[in-house]
Amino acid sequence: MIGIRNTRGGGPERLGILHWLDVVVVGLYLAGMLGIGLWLSKRHKGFDDFFLAGRAMTTPLLVTTLVSTYYGLDVLFGTSEIGFNSGLVGWFGYSRPYYIFYIIAAFLLARRLREEGFKSLPDILERYYGRPSRYVSAVASFCYSLPVISLFGFGWMSNVLFGWDPQVGAFIVGGVALVYTWGGGLWAVALTDSVQFVLMCVMVAIAVPFSLNAIGGFDRMYDLLPAAHFTQMGDMTPWLVVIYGMTGLTVLVEPTFYQRIFAARDYKAVRNALLIGLFLWGAYDWCVTLLGMIARAGAAEGLLPADMHPNTALLRIAVASLPVGVLGLFVAGIMSTAMSTIDSYCLIGGGNVAYDLYRPIANPKATDDQLIKVTRFGVVLSWVLGFVIAFYFDRIMSIWVFLATILTSTVFVPIILGLFCKGFRTRSAGLWGTTAGLVGAIAFYVTFGLFGEEAGGTRIITLTWFGGPIEVWEEFAMFFTLPFSLVAYLAGVAVDRLKGGRS
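The letter at position 454 of the sequence shown is residue 453 when you use numbering that gives the first Met the number 0, and the numbering goes up by one with no holes.
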């Protein structure tokens, strides 16, 4: 067995003991993922096959890759963190708004996007607004696609379970996803996602009854937790609930969603996949929220340390309740949650570098082989930058809100209005809207980095308004950056109409 000591104070916490059988299970999982990538490394026939799986993905494959890709460690640890701290608001306030956006994506967005034959999100911006808008959106998409959350989670989880230095753990475990993505492209991503989909869903579902049994059942949990944990809003401030819900806007401009839509065999395949995925996402969110609440009850019962960090809640209750072997599968399931995100987003980042920047700027006549080589370079670049940035943050939810703000502020207004308001497709509208959103988001976070006060894992600036104090949280960025992008976009429309410069 591998002994792991408990630590207090700063840095990630470490938990209990992993049996050698659990370690073997995790090792076999990592070896299997690596083997699939190497097996597929020479099987692609061109750039479309490498980046879009030949536009031949069927509903079952789309279900597994969509569900596993979009649900990474931000959902697993972030939602369980909310469940631990505030209860059912993790599902009702944070997760539920996403389901509305999934339905909109299935019935409104998917058909329009399939009709126009795009290959990437920046393709849309170039067609509607010109090439400069493509470049700005490609930068935002690349930044959003950096695997920061997954590498942060891998590092923290490796320290917790194996006692490794976080950077070493992120390098070793995250490196497996890098290798098979670099080699096999979207086919490797989709096939490994299928395995990861089964692991992540089944193991989270299994963990719930084991964990409930460990604390004495649902009635005991109800007795141990504050009453607010069982209300829809919990003890969260309304503004924080709203901003968590607003991160769901990313669904409507999500690069990996768009890639799967472009890679689908037809519109019906992607529509059906999104609708099936809706129920799977809902069940997964519910289980993860419950696990966070169960861990809070376990702390109140004395089963878990009362002073544990909420980010460790899900792992702690799993270690305390799951038997040998099953715990190893659970750890593999957690790893699969992050792996399925790293591979997809690194591939998107690689595509942004090769298809959205290198091809139009440096080599308009690039061959498929050249595009694949540059895409692979972009995959590595995305992974390396994600690794460098990952350990700047302290909380997974802070990372997620930051990435969602960068993407949504830059492309949401131009894409949605461009798709459904053809009269707004002017060159200045696209360039001004994307640039204002990206620059505004960066400026907002830089301002809070310089002048914000640390408080409860976030940064806060206190302003005076009509003689009274108002606290502005770092997470509130989209309240400012989205309107800024919209105003700049509409100003661009007005200017181009005055000049007769409609694109």
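Virtual Cβ for every residue (Gly too), placed ideally from N, Cα, C.
For G429 against Y127, the beta-carbon gap comes to about 6 Å, under 8 Å, which counts as contact. A distance of 7 Å or more separates the beta carbons of A365 and S79. The three-state reading of DSSP puts T366 in coil, since its state is none of H, G, I, E or B. Looking at V486, F479, L346, L65, the one whose alpha-carbon comes closest to that of W181 is L346. By the C-beta criterion, the stretch 445-452 is judged not to be in contact with the stretch 477-493, since fewer than 3 inter-stretch pairs fall below 8 Å. With 16 or more other Cβ atoms inside 10 Å of its own Cβ, Q258 counts as buried.
In terms of CA proximity to F278, Y97 leads the group I148, R130, Y97.
The Cβ atoms of W399 and D73 sit closer than 7 Å to each other. Per the Cβ contact rule, the stretch 114-128 is not in contact with the stretch 308-323 (fewer than 3 Cβ pairs under 8 Å). The continuous beta strand (DSSP E) containing R458 extends over residues 457-464. Spatial neighbours of T288 in its own chain (CB-CB distance under 6 Å, excluding positions within 5 residues in sequence) are listed in chain order as T78, G82, G89, W90. A straight line joining the alpha-carbon of P146 with that of S381 spans about 7 Å. Listed in chain order, the alpha helix (DSSP H) elements of length 4 or more contained wholly in the stretch 359-429 are 367-389, 395-419.
Check the Cα spacing between T336 and each of D306, W280, Y354: the tightest is with W280. By the 16-neighbour rule on beta-carbons within 10 angstroms, L356 is buried. Rounded to the nearest whole angstrom, the CA to CA distance from L223 to Y28 is 37 Å. Excluding residues up to 5 positions away in sequence, L223 lie with their Cβ nearer than 6 Å to the Cβ of A299 in the same chain. With contact defined as three or more Cβ pairs closer than 8 Å, the stretch 323-338 and the stretch 199-216 are in contact. As the crow flies, the alpha-carbon of F229 is around 16 Å from that of G216.
Shown here for N362: same chain residues with a beta carbon closer than 8 Å to its own, the five before and five after excluded, namely Q369 in chain order. A straight line joining the alpha-carbon of G247 with that of Y69 spans about 11 Å.
Under DSSP, A454 shares a beta bridge with T457. By the criterion of a C-beta distance shorter than 7 Å, T434 is surrounded in its chain by V135, once the five residues flanking it on both sides are discounted. Looking at the DSSP output, E470 shares a beta bridge with T461. For Q258, the enclosing alpha helix (DSSP H) has its first and last residue at 254-262. For G31, the closest alpha carbon among the candidates L108, S193, P131 is that of S193. Counting C-beta pairs with one atom in each stretch, the stretch 57-71 and the stretch 250-269 have three or more that are closer than 8 Å, which means they touch.
With contacts defined as CB atoms closer than 7 Å, V379 and A353 fail to qualify as a contacting pair. The alpha carbon of L273 has as its nearest neighbour, out of L485, G377, I99, G348, the alpha carbon of I99.
Relative to T409, the option among I460, M334, T457, A487 whose CA is nearest is A487.
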